[in-house]
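Residue numbers (the numbering used here): 1 to 621. The structure appears below as structure tokens.
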């Protein structure tokens, strides 16, 4: 470690003793999980405005700038102004301020190109701590960075994968994996960077490289070779990441069969189980593993009797499943290790597509950041400006039949998806049925977006006739869906998830919402949610009687409301109002029903005079 870093850390410790800053910070974890700042008696983080904190960033006293940077971190996820202030702080003269600023940007939902490239520059910082913090944040942001930043960011991360500090290398490699196949196809330097990382002397870096290769999947032709190489690593944790990735790839992982079969003799029993599961997912293409699998059965299981490894009891069944799958006549449909959707969702997914009244969606999606889920319902409407047809498919029923004729169907669909914590896939199809992007995510989890870069990584069709949108979307790696949906006619300029990923929260031509109505709407929604009063919760946002009736009949909506109510806090008094074109938000701090501390942000937009809560940003403290 450089002497200057040690001196700065010593200075931080002195500041801690004086009660100026908290012990934990962004840079030793994500911004959302950073420890709270020590405050003067009677004050709270929300008592100081972002503009006040931004002014403190210009103070000559480093401890004042450091404290302001730490307070801005939890707000950056939901405040464009706070995020912009942290971007400016990335150029601070003090390494600790740069470190805190980089860590505070980790949870920004829609990072801008300027933000991403500013963080990428910190990867070349002369001090270790800011570099590590920037690499960690970029690993978090990578799945949702703007397309026009991917090439430059990929090049910067590939260079950082060769950093002299192991922690920086590890986070940079993880970020390369999260950036995904589109980056690997654009940036030639990513392949040699991951190859070097697989030979790194530090096990954590090699494990990160194996995981990154798995995230690329079949999106690049050379990723399979990296995974096979990772299976020969001396460390079982590196092998584990490779085996799990190959299981998710499924039948296309057949070239790795012999390397997987060698894992059936691993010292670690859990690796044998995972390898058998991967061979099950490959199916008939893994016939080369049959002799080893059958030899295991012939030897019996005395060797693992009494083993302390909890997976030991699963090995006989895992081997039997692999043999059945490989000997099957047809390749087995690949599955994920995640639990299946609820019965109601499966039933909806199995319903006929064509002619399903009044609209239907059927499909399946899986991706490393979101997991696997079935797609069962959706909304279709003309994109703003007449630039195609937005098709939004969700993994839980949204009562779309009742929402379709709403003046703002997508706004209401986003509100219900948030209430249900639903996953989604979205495209905008042109007149020829093509989409320039493929977006996906979870209401309260990971998200991502791929943009077309010359090749065809997904295909789609669209037919508009009789007020309906009918077609299909298929991604070569992640799955897809068929749809037959009524074509809605919004009375406002709707915002798609793709717009949201580009930083657009609401109609850019609409006036900004003012504080009194947003605060009133927040109070009404919060009170209804805490009472678990679904009808009042929906009515307060403008849902009509027909819509409320349809939503209240959805299977599992009661359990969803129970979880949703836990996103509202006590005392939860509205504070720190912010707004922009077409939207307004308030912060609410306190504890949820489980006693966990949060500062959350509640985002509202307007639908014909009623304010709709379309998103909640959760910030654990």
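Where a beta carbon is used, it is the ideal one built from N, C-alpha and C, also for glycine.
For residue 29, which three-state DSSP category applies?
Taking the first residue of the chain shown as 1, we reach residue 29 at position 29. With a pLDDT of only 38 at residue 29, under the threshold of 50, the placement of this residue in the model should not be trusted, and no figure is reported.
First and last residue of the alpha helix (DSSP H) that includes residue 433?
In the chain shown, the residue the question calls residue 433 occupies position 433. Annotation: residue 433 is outside any alpha helix (DSSP H) and is labelled neither H nor E by DSSP.
Measuring only between beta-carbons, confirm whether residue 486 sits less than 9 Å from chain B.
The displayed structure is made up of one protein chain only, and chain B is not part of it.
Consult DSSP for residue 152 and reduce its assignment to one of helix, strand or coil.
Here residue 152 is taken as the residue at index 152 of the chain shown, counted from 1. Residue 152: helix per DSSP, three-state reduction.
Length of the line joining the Cα atoms of residue 604 and residue 503
If you number the chain shown from 1, residue 604 lands on position 604. If you number the chain shown from 1, residue 503 lands on position 503. Residue 604 and residue 503 have their C-alpha atoms spaced approximately 15 Å apart.
Classify residue 234: buried if its beta carbon has 16 or more other beta carbons within 10 angstroms, exposed otherwise.
As a first step, residue 234 must be located in the chain shown, where it is residue number 234. Residue 234 should be labelled exposed.
Run the CB neighbour count on residue 222, radius 10 Å, all protein chains shown included, and call it buried at 16 or more, exposed below.
Within the chain shown, residue 222 is the residue found at index 222, counting from 1. Residue 222 should be labelled exposed.
How many angstroms separate the CA atom of residue 212 from the CA atom of residue 204?
Here residue 212 refers to the residue found at position 212 when the chain shown is read from its first residue. Here residue 204 refers to the residue found at position 204 when the chain shown is read from its first residue. C-alpha separation (whole angstroms): 12 Å.
CB residue 496 to CB residue 390, shorter than 9 Å?
Your numbering for residue 496 matches position 496 in the chain shown. Your numbering for residue 390 matches position 390 in the chain shown. Their beta carbons are under 9 Å apart, which means residue 496 touches residue 390 by this criterion.
Proximity to residue 91 [Cα-Cα], best of 78, 74, 226, 134
The residue you call residue 91 lines up with position 91 of the chain shown. With distances taken between Cα atoms, residue 91 lies closest to 134.
DSSP state of residue 468 mapped onto helix, strand, coil
On the chain shown, residue 468 is found 468 positions in, with the first residue counted as 1. Residue state, collapsed to three classes: strand.
Rounded to the nearest angstrom, what separates residue 123 and residue 183 at their Cα positions?
Translated into the one-based positions of the chain shown, residue 123 becomes position 123. Translated into the one-based positions of the chain shown, residue 183 becomes position 183. Cα-Cα distance, rounded: 18 Å.
For residue 442, write down the residues that DSSP places opposite it in a beta bridge.
The residue you call residue 442 lines up with position 442 of the chain shown. Beta-bridge pairing by DSSP links residue 442 to 423.
If we ignore side chains and look at the alpha-carbon of each, how far apart do residue 613 and residue 156 end up?
To locate residue 613, count along the chain shown from 1; it is residue 613. To locate residue 156, count along the chain shown from 1; it is residue 156. In a straight line, the C-alpha of residue 613 is about 38 Å away from that of residue 156.
Let me check understanding here. Comparing Cα to Cα, which of 403, 427, 586 lies closest to residue 538?
Translated into positions along the chain shown, residue 538 becomes position 538. Ranking the options by Cα distance to residue 538, first place goes to 403.
Measuring straight from C-alpha to C-alpha, what distance separates residue 273 and residue 600?
The count along the chain shown starts at 1 and reaches residue 273 at position 273. The count along the chain shown starts at 1 and reaches residue 600 at position 600. When only Cα atoms are considered, residue 273 and residue 600 end up about 41 Å apart.
Does the beta-carbon of residue 58 have 16 or more other beta-carbons within 10 angstroms, so that it is buried, or is it exposed?
The count along the chain shown starts at 1 and reaches residue 58 at position 58. Exposed, by the Cβ-count rule.
Could you tell me which residues DSSP pairs with residue 110 in its beta bridges?
Mapped onto the chain shown, residue 110 falls at position 110. According to DSSP, residue 110 bridges with nothing at all.
Quick check for students: name the residue ranges of the alpha helix (DSSP H) that lie wholly in the segment 450 to 536, counting only runs of 4 or more.
For the segment 450 to 536, the continuous alpha helix (DSSP H) assignments of 4+ residues that do not extend past its boundaries occur at 497 to 501, 515 to 531, in sequence order.
Give me the Cα-Cα distance between residue 430 and residue 387, rounded to the nearest whole angstrom.
By 1-based counting over the chain shown, the position of residue 430 is 430. By 1-based counting over the chain shown, the position of residue 387 is 387. Taking the straight line from one Cα to the other gives about 7 Å.
With 16 as the cutoff for other CB atoms within 10 Å, does residue 69 come out buried or exposed?
Against the chain shown, residue 69 aligns to sequence position 69. Buried, because 16 or more other Cβ atoms sit within 10 Å of the Cβ of residue 69.
Taking the C-alpha atoms as reference points, what is the distance between residue 408 and residue 485?
Position 408 of the chain shown, counted from the start, is the residue given in the question as residue 408. Position 485 of the chain shown, counted from the start, is the residue given in the question as residue 485. Taking the Cα positions, residue 408 is about 16 Å away from residue 485.
Hey, quick one: how far does the beta strand (DSSP E) through residue 578 stretch, first residue to last?
To locate residue 578, count along the chain shown from 1; it is residue 578. For residue 578, the enclosing beta strand (DSSP E) has its first and last residue at 570 to 580.
Contacting residues, own chain, Cβ-Cβ under 6 Å from residue 577 (five flanking each side not counted)
In the chain shown, residue 577 corresponds to position 577, counting from 1. Shown here for residue 577: same chain residues with a beta carbon closer than 6 Å to its own, the five before and five after excluded, namely 515, 586 in chain order.
Nearest-angstrom Cα separation, counted from residue 493 out to residue 505:
Taking the chain shown and counting its residues from 1, the one referred to as residue 505 is at position 505. Taking the chain shown and counting its residues from 1, the one referred to as residue 493 is at position 493. If you draw a straight line from the Cα of residue 505 to the Cα of residue 493, it comes to about 12 Å.
Identify every residue that forms a DSSP beta bridge with residue 373.
Looking up residue 373 in the chain shown gives position 373. Bridge partners of residue 373: 365.
DSSP bridge partner residues for residue 389 (one or two, in chain order)
Taking the chain shown and counting its residues from 1, one reaches residue 389 at position 389. Partner(s): 382, 429.
Leaving out five residues before and five after residue 285 in sequence, what residues of the same chain have Cβ atoms less than 6 Å from its Cβ?
Position 285 of the chain shown, counting from 1, holds the residue named residue 285. Answer for residue 285: 251, 254, listed in chain order.
Keeping to the same chain, check which residues put their C-beta closer than 6 Å to that of residue 172; ignore five residues upstream and five downstream.
For the purposes of this step, residue 172 is taken as the residue at position 172 of the chain shown. Around residue 172: 135, 157, 160, 161.
Would you decide whether residue 405 is buried or exposed? Buried here means 16 or more other CB atoms lie within 10 Å of its CB.
By 1-based counting over the chain shown, the position of residue 405 is 405. With fewer than 16 other beta carbons inside 10 angstroms of its own, residue 405 counts as exposed.
Could you compute how far the alpha carbon of residue 271 sits from the alpha carbon of residue 196?
Residue mapping note: residue 271 aligns to position 271 of the chain shown, counting from 1. Residue mapping note: residue 196 aligns to position 196 of the chain shown, counting from 1. Residue 271 and residue 196: Cα-Cα distance of roughly 24 Å.
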